[in-house]
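Undergrad: My structure is below; once you've seen it, I'll send some questions.
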Amino acid sequence: MILIAERINGMFTNVKQAIADKDKKVIQELAKKQTDAGAAYLDVNIGTAAADQEGAMQWLVESIQETCSTPLCLDSQKPAVIAAGLKVINAQNGVMLNSTPLNKKSDEEIFDKYIEMANQAGPKASIIALTMDKNGVPQDIDTRVAIAAEIVSKAMEKGFDTQRLFIDPIILPVKVPNAQVQPGNILSAMDQIKYLSDPAPHMTIGLSNLSQGASERSLINRVFLAMAISRGLDSAIADVLDQDLMNIVATAEMLMNKQIYSDSFLKAYSSA
Amino acid sequence: MPVPEVAERFTGSVNRLTLGATKDNGGTRTSTVTVGGARNVVYGGSAAEAGEKPVVAMDVLDSKPDDWPDVLLEPYKDVLDSPGDWAKKCVEEFGADLICVKFDGIHPDKEDKDAAHAVKVTEEVLKAVGVPLVLWSCGNDEKDNQVMPKVSGAAKGEKCLIGTVTEDNYKSLTAIALADGHYLITQAPLDINIAKQVNILASDMGFPLERIVTFQATGALGYGIEYAYSIQERQRIAALTGDKMMAMPVICDVGYESWRAKEAKLTDAPGWGAAGDRGPMWETATAVCLLQAGVDIIRMRHPRAIATVKNFINQVWKSQ
Numbered sequence: 001m002i003l004i005a006e007r008i009n010g011m012f013t014n015v016k017q018a019i020a021d022k023d024k025k026v027i028q029e030l031a032k033k034q035t036d037a038g039a040a041y042l043d044v045n046i047g048t049a050a051a052d053q054e055g056a057m058q059w060l061v062e063s064i065q066e067t068c069s070t071p072l073c074l075d076s077q078k079p080a081v082i083a084a085g086l087k088v089i090n091a092q093n094g095v096m097l098n099s100t101p102l103n104k105k106s107d108e109e110i111f112d113k114y115i116e117m118a119n120q121a122g123p124k125a126s127i128i129a130l131t132m133d134k135n136g137v138p139q140d141i142d143t144r145v146a147i148a149a150e151i152v153s154k155a156m157e158k159g160f161d162t163q164r165l166f167i168d169p170i171i172l173p174v175k176v177p178n179a180q181v182q183p184g185n186i187l188s189a190m191d192q193i194k195y196l197s198d199p200a201p202h203m204t205i206g207l208s209n210l211s212q213g214a215s216e217r218s219l220i221n222r223v224f225l226a227m228a229i230s231r232g233l234d235s236a237i238a239d240v241l242d243q244d245l246m247n248i249v250a251t252a253e254m255l256m257n258k259q260i261y262s263d264s265f266l267k268a269y270s271s272a
Numbered sequence: 001m002p003v004p005e006v007a008e009r010f011t012g013s014v015n016r017l018t019l020g021a022t023k024d025n026g027g028t029r030t031s032t033v034t035v036g037g038a039r040n041v042v043y044g045g046s047a048a049e050a051g052e053k054p055v056v057a058m059d060v061l062d063s064k065p066d067d068w069p070d071v072l073l074e075p076y077k078d079v080l081d082s083p084g085d086w087a088k089k090c091v092e093e094f095g096a097d098l099i100c101v102k103f104d105g106i107h108p109d110k111e112d113k114d115a116a117h118a119v120k121v122t123e124e125v126l127k128a129v130g131v132p133l134v135l136w137s138c139g140n141d142e143k144d145n146q147v148m149p150k151v152s153g154a155a156k157g158e159k160c161l162i163g164t165v166t167e168d169n170y171k172s173l174t175a176i177a178l179a180d181g182h183y184l185i186t187q188a189p190l191d192i193n194i195a196k197q198v199n200i201l202a203s204d205m206g207f208p209l210e211r212i213v214t215f216q217a218t219g220a221l222g223y224g225i226e227y228a229y230s231i232q233e234r235q236r237i238a239a240l241t242g243d244k245m246m247a248m249p250v251i252c253d254v255g256y257e258s259w260r261a262k263e264a265k266l267t268d269a270p271g272w273g274a275a276g277d278r279g280p281m282w283e284t285a286t287a288v289c290l291l292q293a294g295v296d297i298i299r300m301r302h303p304r305a306i307a308t309v310k311n312f313i314n315q316v317w318k319s320q
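Same order as they appear, the protein sequences are chains A and B.
For the first sequence, our numbering assigns the number 1 to the initial residue and increments by one for each residue that follows.
For the second sequence, our numbering assigns the number 1 to the initial residue and increments by one for each residue that follows.
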């Protein structure tokens with residue numbers, strides 16, 4: 001499981017404050033804590049924390065990389081913000097460009113731009129692409145899969161290795177009226193997305209979004225993650241500091257025969 | 001449109017380790033042996049991904065064997081009482097890459113020999129040959145815990161491969177192997193889950209994963225080789241897909257297991273072909289089969305089987 005740690009995000013008050021105050025320490029501590037917890041990547045998202053998103057992205061990347069070599073997942077739907085981050089990043093261990101829709105009304109070529117930036121960032125750079133296009137986020141299974149198929153075929157066309165491609169079928173808050181059918185739809189979409197290429201493209205989700213505004217948030221996140229792993233999910237942007245969530249990942253992967261069982265399988269997973 | 005690349009690619013690799021310490025490294029070995037390093041399955045991928053050539057460790061017993069058939073005794077008949085001479089013969093005449101000293105004689109049900117005997121044999125073999133050694137316990141936990149730490153000490157600094165430790169008995173030998181600078185063999189009873197567990201247990205004691213070689217109680221041709229094969233294959237794939245607890249090189253015991261088979265040792269079986277050929281063939285077939293599953297060190301006994309198997313290895317790992 002490729003876990004992308006979610007905490008360095010301007011939506012969180014302490015991160016927002018740190019960006020405003022240019023307080024590196026808060027960010028560096030989060031980077032370290034999430035790395036120690038087993039994050040493969042650290043998501044870096046400005047959110048609404050700064051008007052100068054490009055500058056804030058650069059400050060975050062530089063602050064993190066002063067003390068931490070965990071690869072970063074630059075999170076913005078604005079190519080210019082990603083590009084600003086890439087200008088100052090050390091991508092030697094890899095980098096993720098998160099995230100691009102297939103296309104946008106205002107920018108038909110946005111996915112191409114992400115591919116170009118990923119290619120420039122080196123062979124270990126990958127892209128998270130959302131199953132979303134100029135018509136917005138689809139609500140049904142078929143359109144999700146169709147957009148994913150277009151993403152995969154466009155990547156192939158451009159010679160971009162599908163093993164560097166992560167499809168995000170976009171999880172919506174379950175509490176939103178009439179959205180309760182969506183988690184099931186996403187699982188069904190995953191069943192088909194994994195057949196779009198061989199080997200299958202990676203699949204990731206922004207897990208915590210599911211429980212936005214709901215009660216029992218951790219429980220909702222944990223259960224859905226286990227369900228999604230059973231359908232082939234192999235990555236998630238999630239709260240890696242939630243130890244129970246991490247244990248669920250280890251257990252679900254073991255149950256899916258992705259990790260060999262041993263009596264100490266939790267320990268084996270966390271030290272792997 | 002170009003033909004797509006269909007060869008399987010893996011992200012992990014088998015650990016590479018070098019057995020034996022020469023003078024420069026504080027030992028007395030005149031040569032070292034490096035094993036592991038595979039980045040793909042046998043026959044899979046490019047030659048560069050094949051890793052190090054598998055090697056043969058020839059068995060030398062600490063005491064004269066009492067249950068070996070004549071066909072197997074014949075090549076060693078003049079050296080059976082002297083482990084040193086026996087080892088020398090294996091290296092000089094039969095091309096052994098490593099010598100595996102098997103301490104059968106210390107077993108309480110056999111000759112129940114003491115630690116002083118085992119130490120003497122170890123020193124004798126160390127003196128007689130320059131190749132790295134494998135030092136293999138008798139399988140009785142209590143006796144092994146008395147004797148093997150002494151054996152380890154007698155070969156301190158030689159970077160031997162010493163074992164075996166099991167899920168139920170790993171602490172004393174793991175600790176002493178760590179202190180004496182050896183490599184460790186973790187054993188499991190044809191069980192992938194226990195194999196992983198023993199590795200975790202040894203690692204919890206501070207033993208570096210990079211210095212472990214794993215051993216599954218081997219099954220010979222006709223006696224469970226399919227289980228051994230599929231377990232070795234699964235372990236290899238786990239290593240190649242990045243499971244650090246399973247990324248160790250593998251040793252298997254082909255000699256002992258093959259020569260236990262009645263097809264290998266029975267002389268009074270007219271319909272089965274010449275007894276003199278059957279045993280070596282049985283040992284060869286077992287070894288060649290397991291080599292294809294992905295193993296790194298094979299313990300063997302009969303010189304004819306070894307010659308054939310080494311020829312096979314040289315053909316398959318040609319580029320090395």
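The C-beta atom is built at its ideal place from N, Cα and C for all residues, glycine as well.
#1: Is any beta-carbon of chain A found at less than 8 Å from that of residue 216 of chain B?
#2: Output the residue ranges of the beta strand (DSSP E) runs that lie fully inside the stretch 96-136 of chain A and measure 3 residues or longer, sorted by chain position.
#3: Relative to the alpha-carbon of residue 230 of chain B, which residue among B:19, B:137, B:290 and B:62 has its alpha-carbon at the smallest distance?
#4: Pull up the CB-CB distance for residue 125 of chain B and residue 106 of chain B, whole angstroms please, since I reckon it's below 8 Å.
#5: Under 8 Å Cβ to Cβ from residue 321 of chain B, same chain only, skipping five residues before and after it: list those, please.
#6: Could you tell me which chain A residues have their CB closer than 7 Å to the CB of residue 168 of chain B, listed as they occur along the chain?
#7: On a Cα-Cα basis, can you pick out the residue from B:264, B:188, B:245 and B:269 that is closest to residue 267 of chain A?
#8: Do the stretch 142-152 of chain B and the stretch 162-175 of chain B touch if we need at least three Cβ pairs shorter than 8 Å?
#9: Starting from the N-terminal side, write out each stretch of the alpha helix (DSSP H) that is 4 residues or longer and does not extend beyond the stretch 62-146 of chain B.
#10: Listed from N- to C-terminal order along the chain, which residues in the stretch 222-239 of chain B have their beta-carbon within a distance smaller than 9 Å of any beta-carbon of chain A?
#11: For the stretch 6-63 of chain A, list the beta strand (DSSP E) runs that are entirely contained and at least 3 residues long, ordered along the chain.
#12: Taking 8 Å as the cut-off, decide whether the C-beta atoms of residue 74 of chain A and residue 64 of chain A are in contact.
#13: In terms of residues, what are the limits of the alpha helix (DSSP H) holding residue 167 of chain A?
#14: Can you pull out the residues from the stretch 252-264 of chain A whose beta carbon lies closer than 9 Å to at least one beta carbon of chain B?
#15: Can you tell me the Cα-Cα spacing of residue 180 of chain B and residue 149 of chain B, whole angstroms?
#16: I need the straight-line Cα distance from residue 14 of chain B to residue 54 of chain B, nearest angstrom please.
#17: What is the rounded straight-line gap between the Cα of residue 314 of chain B and the Cα of residue 69 of chain B?
#18: What would DSSP say about residue 312 of chain B, mapped onto helix, strand or coil?
#19: Please list, in chain order, the chain B residues whose beta carbon lies closer than 7 Å to that of residue 267 of chain A.
#20: Considering only C-alpha positions, which residue in the set A:50, A:98 and A:251 is nearest to residue 204 of chain A?
#21: When we look at the beta-carbon of residue 59 of chain A and count the other beta-carbons within 10 Å, is it buried (16 or more) or exposed?
#22: Buried or exposed for residue 196 of chain B, please, with buried defined as at least 16 other CB atoms from any protein chain shown within 10 angstroms of its CB.
#23: What would DSSP say about residue 16 of chain B, mapped onto helix, strand or coil?
#24: May I ask which residues mark the beginning and end of the beta strand (DSSP E) holding residue 240 of chain A?
#25: Cβ closer than 7 Å: which chain A residues qualify as neighbours of residue 193 of chain B?
#26: What are the start and end residues of the beta strand (DSSP E) that includes residue 188 of chain B?
#27: Please report the distance separating the alpha-carbon of residue 30 of chain A from that of residue 108 of chain A.
#28: Flag this pair as yes or no: are the beta carbons of residue 51 of chain B and residue 8 of chain B separated by less than 8 Å?
#29: Any chance you could list the beta strand (DSSP E) runs of at least 3 consecutive residues sitting entirely within the stretch 6-56 of chain B, in chain order?
#30: Would residue 155 of chain B and residue 135 of chain B be called neighbours here (beta carbons separated by less than 8 Å)?
#31: Would the stretch 233-243 of chain B count as touching the stretch 10-27 of chain B if we require 3 or more Cβ pairs under 8 Å?
#32: Can you tell which of B:241, B:74, B:60 and B:165 has its C-alpha closest to the C-alpha of residue 129 of chain B?
#33: Please report the distance separating the alpha-carbon of residue 261 of chain A from that of residue 51 of chain A.
#34: By a C-beta neighbour count over all protein chains shown, 10 Å radius and 16 as the cutoff for buried, is residue 71 of chain A buried or exposed?
#35: Identify whether residue 196 of chain A lies in helix, strand or coil by the three-state DSSP scheme.
#36: Closer than 7 Å, Cβ to any Cβ of chain A: which residues of the stretch 248-272 of chain B, in chain order?
TA: The short version:
#1: Against the second sequence, residue 216 of chain B aligns to sequence position 216. No, no contact with chain A.
#2: 125-130
#3: Working through the second sequence from its first residue, we reach residue 230 of chain B at position 230. The residue with the shortest Cα to Cα distance from residue 230 of chain B is B:290.
#4: By one-based count along the second sequence, residue 125 of chain B stands at place 125. By one-based count along the second sequence, residue 106 of chain B stands at place 106. Between residue 106 of chain B and residue 125 of chain B the Cβ distance is about 15 Å, and since that is not below 8 Å, they are no contact.
#5: Outside the shown range of chain B, which is 1 to 320, sits residue 321 of chain B, and nothing can be said about it.
#6: Locating residue 168 of chain B in the second sequence gives position 168, counting from the first residue. Within chain A, no residue comes near residue 168 of chain B; the closest Cβ sits about 12 Å away, beyond 7 Å.
#7: As a working mapping, residue 267 of chain A is identified with position 267 in the first sequence. The shortest C-alpha separation from residue 267 of chain A is found at B:245.
#8: yes
#9: 70-73, 83-92 and 115-128
#10: 234, 235 and 238
#11: 41-45
#12: Taking the first residue of the first sequence as 1, we reach residue 74 of chain A at position 74. Taking the first residue of the first sequence as 1, we reach residue 64 of chain A at position 64. No, the pair does not count as a contact, with Cβ atoms beyond the cut-off.
#13: Your numbering for residue 167 of chain A matches position 167 in the first sequence. Counting along the chain, residue 167 of chain A falls outside any alpha helix (DSSP H), though it belongs to the beta strand (DSSP E) covering 165-168.
#14: 258, 259, 260, 261, 262, 263 and 264
#15: Position 180 of the second sequence holds residue 180 of chain B. Position 149 of the second sequence holds residue 149 of chain B. Looking at the two C-alpha atoms, the distance is approximately 9 Å.
#16: To locate residue 14 of chain B, count along the second sequence from 1; it is residue 14. To locate residue 54 of chain B, count along the second sequence from 1; it is residue 54. If you take the alpha carbons of residue 14 of chain B and residue 54 of chain B, they lie about 12 Å apart.
#17: Position 314 of the second sequence, counted from the start, is the residue given in the question as residue 314 of chain B. Position 69 of the second sequence, counted from the start, is the residue given in the question as residue 69 of chain B. Answer to the nearest angstrom: the Cα atoms are 29 Å apart.
#18: Start at 1 with the first residue of the second sequence, and residue 312 of chain B comes out as number 312. In the structure shown, residue 312 of chain B sits in a helix (DSSP, three-state: H, G or I).
#19: Here residue 267 of chain A is taken as the residue at index 267 of the first sequence, counted from 1. By Cβ distance, chain B contributes 200.
#20: The residue labelled residue 204 of chain A in the question sits at position 204 within the first sequence. Among A:50, A:98 and A:251, the Cα nearest to that of residue 204 of chain A belongs to A:98.
#21: For the purposes of this step, residue 59 of chain A is taken as residue 59 along the first sequence, with counting starting at 1. Residue 59 of chain A comes out buried.
#22: To locate residue 196 of chain B, count along the second sequence from 1; it is residue 196. The residue is buried, with at least 16 neighbouring Cβ atoms inside 10 Å.
#23: Taking the first residue of the second sequence as position 1, residue 16 of chain B is located at position 16. Residue state, collapsed to three classes: strand.
#24: As a first step, residue 240 of chain A is located in the first sequence; it is residue number 240 there, counting from the start. Neither: residue 240 of chain A is in no beta strand (DSSP E) and is coded neither H nor E.
#25: Numbered from its first residue, the second sequence carries residue 193 of chain B at position 193. Those within 7 Å of residue 193 of chain B in chain A are 260, 261 and 262.
#26: Within the second sequence, residue 188 of chain B is the residue found at index 188, counting from 1. Looking at the DSSP string, the run of the beta strand (DSSP E) that includes residue 188 of chain B is 183-188.
#27: Indexing the first sequence from 1 puts residue 30 of chain A at position 30. Indexing the first sequence from 1 puts residue 108 of chain A at position 108. Taking the straight line joining both Cα atoms gives about 36 Å.
#28: Taking the second sequence and counting its residues from 1, the one referred to as residue 51 of chain B is at position 51. Taking the second sequence and counting its residues from 1, the one referred to as residue 8 of chain B is at position 8. Their beta carbons are not under 8 Å apart, which means residue 51 of chain B does not touch residue 8 of chain B by this criterion.
#29: 16-19 and 33-36
#30: Against the second sequence, residue 155 of chain B aligns to sequence position 155. Against the second sequence, residue 135 of chain B aligns to sequence position 135. Cβ atoms of residue 155 of chain B and residue 135 of chain B: closer than 8 Å.
#31: yes
#32: Taking the first residue of the second sequence as 1, we reach residue 129 of chain B at position 129. Comparing Cα positions, the closest option is B:60.
#33: Here residue 261 of chain A is taken as the residue at index 261 of the first sequence, counted from 1. Here residue 51 of chain A is taken as the residue at index 51 of the first sequence, counted from 1. Residue 261 of chain A and residue 51 of chain A: Cα-Cα distance of roughly 49 Å.
#34: Within the first sequence, residue 71 of chain A is the residue found at index 71, counting from 1. Buried, because 16 or more other Cβ atoms sit within 10 Å of the Cβ of residue 71 of chain A.
#35: Locating residue 196 of chain A in the first sequence gives position 196, where the first residue counts as 1. Coil at residue 196 of chain A, not helix or strand.
#36: none
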